[in-house]
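A.B. asks: Under this note's numbering, think of the first position of the sequence shown as 8, with each following residue one higher.
Built from N, CA and C at the ideal position, the CB exists for glycine as well.
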Amino acid sequence: MTSATITLPTTPLPLKAEARGLDFYYGDFKALKRVTMPVYEHKVTALIGPSGCGKSTFLRCFNRMHDLYPGNRYDGTIQLLPDAVNVLDKSVDPIEVRMRISMVFQKPNPFPKSIFENVAYGLRVRGESSRSYLEDKVEAALKGGAIWDEVRDRLDEVATNLSGGQQQRLCIARALATDPEILLFDEPTSALDPIATGSIEELIHQLKGKVSMLIVTHNMQQAARVSDFVGYMYLGEMVEFGDTKDIFMKPKRKETEDYITGRFG
8 MTSATITLPT TPLPLKAEAR GLDFYYGDFK ALKRVTMPVY EHKVTALIGP
58 SGCGKSTFLR CFNRMHDLYP GNRYDGTIQL LPDAVNVLDK SVDPIEVRMR
108 ISMVFQKPNP FPKSIFENVA YGLRVRGESS RSYLEDKVEA ALKGGAIWDE
158 VRDRLDEVAT NLSGGQQQRL CIARALATDP EILLFDEPTS ALDPIATGSI
208 EELIHQLKGK VSMLIVTHNM QQAARVSDFV GYMYLGEMVE FGDTKDIFMK
258 PKRKETEDYI TGRFG
């Protein structure tokens, strides 16, 4: 495949992160090939493409999730701006990376703890122990996750008692508690019903002014609804990146058009 078609905004936007020439290997298998893509500050970027094309693999590079398994290897850089830290550098602590770049997974995954302790977890890992500080941060995060009014009187209940949609919003609140600079979403609504999906999409809109977001989705309509920019991936490569409206209305690559129109994938 020829190099990616990257269309930048006509009016420059501030960058929050940038992947450059990123390769990723599962053992000997090269899953990502020279991927380059900007992540703009306080914007939503969607990653689309057929199953197995590398979307989730790329997403998990941003917070070093692949470090949890032996034999995985990164080449290239992901710079977190404005301080130009390469989050893939071995000298950078992956725990600190995950505080700055939080992740919400496909299926809600609350810990078998109280609602309060779920949200406070990352803060406790950071060494925070002040009860008043934790209470303030937990309340702010639950409000940010649009679930405070539903759980304010249930903070000591086990989080798994919540509904699926509530659990996912709790996981978003947990991710927000450490004041991340980027939020990663890996198919965050695929396990939810349409009403809960609508709630999560509305929450993504509300959060956009506070945090940069990167979302993997198989749902073309969802990508069109929630994102400002779209990257189309295929076989571990970035095929095309640009403004969401341009990608969906007038893509520059035939491969992108074929995928979006359903002729491929």
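Give the C-beta separation of glutamine 175 and proline 115 to the nearest angstrom, bearing in mind that I take them to be a contact with Cβ-Cβ under 8 Å.
C.D. replies: Glutamine 175 to proline 115, Cβ: 4 Å. Contact.
A.B. asks: Quick check: the Cα distance between leucine 190 and methionine 72, rounded to an integer number of angstroms?
C.D. replies: Straight-line Cα distance between these residues: approximately 14 Å.
A.B. asks: How big is the Cα-Cα spacing for isoleucine 108 and phenylalanine 271?
C.D. replies: Distance between the alpha carbons of isoleucine 108 and phenylalanine 271: 33 Å.
A.B. asks: Does the beta-carbon of arginine 80 have 16 or more other beta-carbons within 10 angstroms, so that it is buried, or is it exposed?
C.D. replies: Arginine 80 should be labelled exposed.
A.B. asks: Per DSSP, what are the beta-bridge partners of lysine 37 in this structure?
C.D. replies: For lysine 37, which the question treats as bridged, DSSP gives the partners Tyr32.
A.B. asks: With respect to the beta strand (DSSP E) encompassing threonine 84, which residues constitute its N-terminal and C-terminal limits?
C.D. replies: From DSSP, the beta strand (DSSP E) with threonine 84 extends over 79 to 87.
A.B. asks: Starting from the Cα of lysine 150, find the closest Cα among Arg131, Arg138, Gln173 and Glu164 and give me that residue.
C.D. replies: Closest by alpha carbon: Gln173.
A.B. asks: Quick one: residues in its chain with C-beta nearer than 6 Å to the C-beta of methionine 245, no 5 flanking neighbours on either side, listed in chain order?
C.D. replies: Ala11, Val42, Met44 and Gly238, listed in sequence order.
A.B. asks: Helix, strand or coil, according to DSSP, for aspartate 143 in the structure here?
C.D. replies: Three-state DSSP puts aspartate 143 in a helix.
A.B. asks: Just to confirm, is the Cβ distance from glutamine 113 to aspartate 200 under 9 Å?
C.D. replies: Taking 9 Å as the Cβ cut-off, glutamine 113 and aspartate 200 do not qualify as a contacting pair.
A.B. asks: DSSP three-state label for leucine 242, please.
C.D. replies: It is coil, neither helix nor strand.
A.B. asks: In chain order, what residues of the same chain lie with their CB nearer than 6 Å to the CB of aspartate 163, ignoring the 5 residues before and after it?
C.D. replies: Around aspartate 163: Ser121.
A.B. asks: Could you pull the DSSP bridge partners for leucine 191 from this structure?
C.D. replies: Met110 and Leu221.
A.B. asks: Is the Cβ-Cβ distance between leucine 221 and phenylalanine 31 less than 9 Å?
C.D. replies: Cβ atoms of leucine 221 and phenylalanine 31: not closer than 9 Å.
A.B. asks: What do you reckon, are the CB atoms on leucine 242 and lysine 50 nearer than 9 Å?
C.D. replies: Not a contact, by the Cβ cut-off of 9 Å.
A.B. asks: When the Cα of phenylalanine 123 is compared with those of Leu75, Cys178, Asp100 and Asp90, which residue comes out closest?
C.D. replies: Comparing Cα-Cα distances from phenylalanine 123 to each of Leu75, Cys178, Asp100 and Asp90, the minimum goes to Cys178.
A.B. asks: Please state the DSSP three-state secondary structure of serine 63.
C.D. replies: Residue state, collapsed to three classes: helix.
A.B. asks: Buried or exposed, going by whether 16 or more other CB atoms sit within 10 Å of the CB of glutamate 142?
C.D. replies: Exposed.
A.B. asks: List the endpoints of the continuous beta strand (DSSP E) containing alanine 53.
C.D. replies: Here the beta strand (DSSP E) through alanine 53 covers 51 to 55.
A.B. asks: Under the three-state reduction of DSSP, which class applies to arginine 27: helix, strand or coil?
C.D. replies: Looking at arginine 27 - three-state DSSP - the assignment turns out to be strand.
A.B. asks: Below 8 Å on the Cβ atoms is my guess for isoleucine 207 versus threonine 196; work out the distance and round it to an integer in Å.
C.D. replies: About 5 Å separates the two Cβ atoms, so the contact holds.
A.B. asks: Give every residue of the same chain whose Cβ lies closer than 8 Å to the Cβ of valine 218, excluding the five residues on either side of it in the sequence, and list them in chain order.
C.D. replies: For valine 218, where only same-chain residues beyond five positions count, the Cβ hits under 8 Å are His49, Leu183, Pro187, Glu188, Ile189 and Leu190.
A.B. asks: Please list, in chain order, all residues of the same chain as threonine 263 whose beta carbon is under 7 Å from its beta carbon, the five residues on each side excluded.
C.D. replies: Only Tyr239, Val246, Glu247 and Ile254 meet the Cβ criterion.
A.B. asks: Using the three-state DSSP reduction, which class does glutamate 247 fall into: helix, strand or coil?
C.D. replies: Reduced to three states, the DSSP call for glutamate 247 is strand.
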